[in-house]
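The next block holds one structure in the form of structure tokens; read it before the comments.
2 protein chains.
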Amino acid sequence: MSTARTSPEDHLPLTPAVFAILLALADGEKHGYAIMQEAREHVSMGPGTLYGTLDRLLAAGLVVETRLSEDERRRYYRVTPLGKRVLTAETARLQRSVSMAHEKGIRPIEVKA
Amino acid sequence: MSTARTSPEDHLPLTPAVFAILLALADGEKHGYAIMQEAREHVSMGPGTLYGTLDRLLAAGLVVETRLSEDERRRYYRVTPLGKRVLTAETARLQRSVSMAHEKGIRPIEVKA
DNA sequence: ACGGATATATCTGCAACGGATATATTGGAA
DNA sequence: TTCCAATATATCCGTTGCAGATATATCCGT
């Protein structure tokens, strides 16, 4: 059998694509295309990356497919409790990295909302 | 000839390994082993990733090797102005992602300094 | 009815990473 | 003073992950 990986830390660090996808799912289930659109606010992402990554996230148990829509043609995904813990752990890691950058004088120019 | 890539955005997003290395160099030049130790505060990193990534960063012009130490056996690296702009841009991108996560209720538990 | 946006699927080449392996030197402990 | 761990760099290779292209079908507005 393959390795367990039930601890969030076993999945860190997340690639930018994985982080953007989990983040897009953080406030509720979405279908693939909607995920891609929201993820593109953070990184560029084509369908190859999207669906390939989703398959890996499904296999890793970080997201599940939810078949509860009458709307055929769309496949909805939801983040699992483990997925949420992974996202939380990665967010904390990134926050630490950003803080470290600030301490080292890396000061991004304020950007409009 | 190969593509220019003089704009910071052309290098984003950075992989976690690249970000950790550039961050380690943000407060002054360091040699490879020192970079690896500091980067390990953020991500796990073996020598293969370290030196392979350094070679790519050299080729991309984000870091340069500085040969000004009498200390043989050590190779020192410094981040270039472009490298610093890339690091700044990525820090801003990450800050936006972390903020988005917070807006979605992802609240990492406070961790001791 | 047409075209553009929506929506998913899949394939393939390449870059990046991880882990192992190798080698040499330095410094401290026994 | 010998030995071992840590320092320091180098390189190879299998696996993973991503980018971009291609394909197909549907929906909606004009």
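Protein chains in written order, with the working numbering: chain Y, 1 to 113; chain X, 1 to 113. Don't be surprised by glycine CBs; every beta carbon is placed ideally from N, CA and C. Computed from a predicted structure; not experimentally measured.
Neighbours of Leu23/Y in chain X, taken as residues whose beta carbon is under 9 Å from its own, are Ser97, Met100, Ala101, Lys104 and Ile106 in chain order. Of the candidates His11/Y, His102/Y and Ile21/Y, the residue whose Cα lies closest to the Cα of Arg78/Y is Ile21/Y. The beta carbons of Tyr76/X and Glu65/X sit about 7 Å from each other, so the pair counts as a contact at 8 Å.
Listed along the chain, the chain X residues whose CB falls inside 7 Å of the CB of Val43/Y are Pro13. The count of Cβ pairs closer than 8 Å, one atom from the segment 4 to 13 of chain Y and one from the segment 41 to 55 of chain Y, stays below three, leaving the stretches out of contact. Spatial neighbours of Thr88/X in its own chain (CB-CB distance under 8 Å, excluding positions within 5 residues in sequence) are listed in chain order as Pro8. Per DSSP, reduced to three states, the secondary structure at His31/Y is strand.
In this structure, Ala24/Y lies near Glu38/Y, with their beta-carbon atoms less than 8 Å apart.
A check of alpha carbon separations from Thr15/X across Lys104/X, Val86/X and Pro81/X identifies Val86/X as the nearest. Flagged as an interface residue toward chain X: Arg93/Y, by a C-beta distance shorter than 8 Å.
What Asp27/Y touches in chain X, judged by beta-carbon distance under 8 Å, is Lys104 and Gly105, going in chain order. The beta carbon of Leu82/X sits closer than 8 Å to the beta carbons of Thr6, Pro8, Gly61 and Leu62 from its chain, once the five residues preceding and following it are set aside; these are given in chain order.
Residue-level contact by beta carbon holds for Pro16/Y and chain X, with a gap shorter than 8 Å.
DSSP, reduced to helix, strand and coil, places Thr66/Y within a strand of the structure shown. Under the three-state reduction of DSSP output, Val79/Y falls in the strand class. The beta carbon of Ala17/X sits closer than 7 Å to the beta carbons of Val43, Met45, Thr49 and Thr53 from its chain, once the five residues preceding and following it are set aside; these are given in chain order.
A direct Cα-Cα distance of roughly 45 Å separates Arg73/Y from Glu41/X.
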